[in-house]
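Counting in the working numbering, the sequence shown runs from 18 upward without gaps. Heads up, the thing below is written out as structure tokens.
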Amino acid sequence: MSGGSDLVAGRDESRVFDYVIVGAGSAGGVLAARLGEDRDVRVAVIEAGPPDSESVIHTPLAFRQLWDSRFDWGLWGEPEPGLGGRRDYLPRGRVLGGSSSLNTMIYIRGNRVDYDEWALMGLMGWGYEDVLPYFRRAEDNERGESYYHGVGGPLTVSDGRSMHPLVGACIDAAVDAGITPTDDHNGPTQEGTSWFQFTQRNGRRCSTAVAYLHPAAACGNVVVLTDALATRVLFEDERAVGVELLRNNSLEPVRAEREVIVCAGAYHSPHLLLLSGIGPADELQALAIEPRIDLPVGHNLHDHPFAGLVWLTDQESLRRAATRRTSPCSSTRGVDRLPPALPREARSSGECHKVCVRRERMEPHAFNTREDLISASLF
Ligand SMILES: Cc1cc2nc3c(=O)[nH]c(=O)nc-3n(C[C@H](O)[C@H](O)[C@H](O)COP(=O)(O)OP(=O)(O)OC[C@H]3O[C@@H](n4cnc5c(N)ncnc54)[C@H](O)[C@@H]3O)c2cc1C
18 MSGGSDLVAG RDESRVFDYV IVGAGSAGGV LAARLGEDRD VRVAVIEAGP
68 PDSESVIHTP LAFRQLWDSR FDWGLWGEPE PGLGGRRDYL PRGRVLGGSS
118 SLNTMIYIRG NRVDYDEWAL MGLMGWGYED VLPYFRRAED NERGESYYHG
168 VGGPLTVSDG RSMHPLVGAC IDAAVDAGIT PTDDHNGPTQ EGTSWFQFTQ
218 RNGRRCSTAV AYLHPAAACG NVVVLTDALA TRVLFEDERA VGVELLRNNS
268 LEPVRAEREV IVCAGAYHSP HLLLLSGIGP ADELQALAIE PRIDLPVGHN
318 LHDHPFAGLV WLTDQESLRR AATRRTSPCS STRGVDRLPP ALPREARSSG
368 ECHKVCVRRE RMEPHAFNTR EDLISASLF
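Next up, the structure:
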């Protein structure tokens, strides 16, 4: 395998950048765009997956079709003692935009308490009031500007367009059960029941590739290499100077004059570091990887569970309407032909309430799958 010095010996200027970013996902896309705002800086973004050109990626209702597809790494966890020994499916984006190209687009920031705890632990600049200006700067929220929200940023944040009555019914039920209603999960209090906002623009997914990376790449100083798998970080002594990548069946080095930035996601960033000799020395030696830096990489992973609730309902979900074979809406393109959505104003008006009341008379004879219900509820 080639070493870092090969980068200097056979110096090919087309492979030399100021910054090399591994992963064109949420973090990588934003970093590439922000670094590239200085037009004198050359940035390379290395992405293992393909471009995000297929329309299915950009059609919110079709998100479930992306999981376990060629745009997904299709990872599975090990048997989990806490899950009765079951293995869990772990979708992760493998495409421009990374997981922001296949996620469910819900716009909810981290909890204030988490940021403030990080600041208390000594991470200066990571308290909630420190990071809030950056959230505002990122946002173009269709509800307008406020203390908590911004306008004019690259990331479009919108209310859902379907305003499906099932969601109204669920929210009413939650309030009846004593859960506080809220107007904004990113406002003063995060907890409560409410309609989500989404990272969507004009009814289409606003991934970080759409919001940040494509506009940045159009400026010329940000180069995006797709179908390029980073296989290890290259070093000169203790300094990371580039990345070795596998592309078109051959290994090639890319050099970073300033920094190598690993943004390959919660699973693949540690993976790449381990392959590069950064990790627990004993574990690396057992795998015949020469340890370079002995660090607990890959430990302390935090994830959140996703638990779906399944109801029986006589209400046809949007997803079923869009995908049932007999329907004129038999592909995701049919989404355009669905009945008009409830306007946002209807949320608090009698119109929405009337629909919710009608739902009380539902007969549980038609089965909707979990995906149907979630799709219907969200989009
Ligand atoms: C199914 C699902 C639903 C979600 N729903 C929501 C939601 O509704 N709202 C929300 O806020 N968050 C949601 N999330 C979480 C959110 O999408 C992620 O937290 C976020 O996208 C992670 O960003 P990242 O940059 O760390 O990684 P990613 O966006 O996953 O980017 C990592 C990128 O690195 C690439 N890569 C990995 N290894 C290599 C390598 N060796 N060489 C080259 N490239 C590599 C990957 O292909 C990928 O493109 C969801 C996530 C998933 C998976």
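Don't be surprised by glycine CBs; every beta carbon is placed ideally from N, CA and C. As the structure is a computational prediction, the values presented were derived from the model and not from experiment.
What are the boundary residues of the beta strand (DSSP E) that residue i is part of?
i, result
"G259", "256-264"
"P287", "Taken as a continuous stretch (DSSP letters only), P287 belongs to no beta strand (DSSP E), being part of the alpha helix (DSSP H) at 282-292."
"S116", "Taken as a continuous stretch (DSSP letters only), S116 belongs to no beta strand (DSSP E), as it is neither H nor E."
"F5", "Any question about residue 5 goes unanswered here, given that the chain covers just 18 to 396."
"V240", "239-242"
"A303", "Careful: A303 lies outside any beta strand (DSSP E), inside the alpha helix (DSSP H) at 298-303."
"V314", "Element bounds for V314: n/a, residue is neither H nor E."
"A79", "Neither: A79 is in no beta strand (DSSP E) and is coded neither H nor E."
"I306", "That residue, I306, is in no beta strand (DSSP E); it is neither H nor E in DSSP."
"V398", "Residue 398 falls outside the range modelled here, since the chain spans only 18 to 396, and no answer is possible."
Could you compute how far the alpha carbon of residue i sits from the alpha carbon of residue j?
i, j, result
"F34", "T206", "43 Å"
"D85", "G42", "17 Å"
"A234", "A61", "10 Å"
"S211", "I295", "43 Å"
"I391", "L304", "Low local confidence applies: a pLDDT of 39 at I391 is under 50, so the model's placement there is unreliable, and no value is given."
"P68", "G185", "37 Å"
"E95", "I278", "28 Å"
"G102", "F323", "17 Å"
"P198", "I188", "8 Å"
"C236", "A226", "14 Å"
"G53", "D320", "31 Å"
"A245", "R87", "15 Å"
"Y132", "D147", "9 Å"
"S163", "A155", "14 Å"
"R153", "G170", "8 Å"
"R375", "L312", "Confidence in R375 is poor, its pLDDT being 30 and thus under 50, which makes the residue's placement unreliable; the coordinate value appears in the next sentence. Their backbone Cα atoms lie some 59 Å apart in a straight line."
"V174", "G220", "10 Å"
"E97", "V327", "23 Å"
"G139", "V250", "28 Å"
"P232", "A194", "46 Å"
"L172", "A257", "31 Å"
"S31", "V130", "45 Å"
"S179", "R275", "46 Å"
"T343", "D299", "With a pLDDT of 44 at T343, under the threshold of 50, the modelled position of that residue is not reliable, and the figure given next carries that caveat. If you take the alpha carbons of T343 and D299, they lie about 59 Å apart."
"L100", "D200", "34 Å"
"G144", "A136", "5 Å"
"P270", "P297", "25 Å"
"E307", "Y151", "39 Å"
"D238", "D55", "Contrary to the premise, residue 238 reads as Asn rather than Asp in this sequence. The straight-line gap from Cα to Cα measures roughly 9 Å."
"I196", "S267", "56 Å"
"I74", "A65", "17 Å"
"R51", "I38", "12 Å"
"Q332", "E134", "44 Å"
Let's see if you can read the secondary structure: which residues bound the alpha helix (DSSP H) around residue i?
i, result
"Y36", "Premise fails: Y36 lies in the beta strand (DSSP E), 33-39, not in any alpha helix (DSSP H)."
"F323", "Element bounds for F323: n/a, residue is neither H nor E."
"S72", "72-75"
"A226", "From DSSP, A226 is part of no alpha helix (DSSP H); its letter is neither H nor E."
"P232", "231-234"
"S43", "43-53"
"L273", "The residue asked about is misnamed: residue 273 is Ala in this sequence, not Leu. Looking at the DSSP string, A273 is not in any alpha helix (DSSP H); the run it does join, the beta strand (DSSP E), is 267-279."
Considering only C-alpha positions, which residue in the set the options is nearest to residue i?
i, options, result
"G282", "I74, W90, D57", "W90"
"F215", "A228, L107, I125", "I125"
"R109", "D176, G40, V239", "G40"
"E71", "A65, A136, A79", "A79"
"R81", "S116, A65, V47", "S116"
"Y36", "V260, Q332, N317", "V260"
"G46", "V73, L230, D200, N120", "L230"
"L107", "Q302, Y284, G325, M180", "Y284"
"R309", "L149, N317, V240, D254", "D254"
"T248", "N238, Y145, S286", "S286"
"E159", "Q217, A273, A228", "Q217"
"D157", "G99, E208, A228", "A228"
"R59", "D331, Y145, R272", "R272"
"A400", "V240, G142, L301", "In the structure as shown, the chain begins at 18 and stops at 396. Residue 400 is therefore absent and cannot be evaluated."
If contacts are defined as beta-carbon pairs under 8 Å, then residue i and residue j qualify, I think. What distance do you get, rounded to the angstrom?
i, j, result
"Y165", "N128", "In fact, because the Cβ distance is near 14 Å, the residues do not count as touching under 8 Å."
"S315", "L291", "One point to set straight first is that residue 315 is Gly, not Ser, in the sequence displayed. 6 Å between Cβ atoms; contact."
"A44", "C223", "With a Cβ gap of about 16 Å, A44 and C223 do not count as contacting."
"L289", "R264", "Their Cβ separation, rounded to whole angstroms, is 15 Å, which puts L289 and R264 out of contact at 8 Å."
"D63", "L262", "The amino acid at residue 63 is misidentified as Asp; the sequence shows Ile. Right, their Cβ atoms sit about 6 Å apart."
"W93", "R104", "5 Å"
"F213", "G177", "7 Å"
"M122", "P77", "6 Å"
"L83", "L113", "Contact doesn't hold; Cβ gap of about 13 Å is too wide."
Does chain C have any CB closer than 8 Å to the CB of residue i?
i, result
"L48", "In the displayed structure, chain C is absent; only one protein chain is listed."
Check your understanding: What are the uninterrupted segments assigned as alpha helix (DSSP H) that are 4 or more residues long and contained completely in the stretch 118-182, given in chain order?
Key -> 129-137, 145-155
Exercise for review: Please go through the stretch 184-220 and give each complete alpha helix (DSSP H) segment of 4 or more residues, from N-terminal end onward.
Suggested key: none
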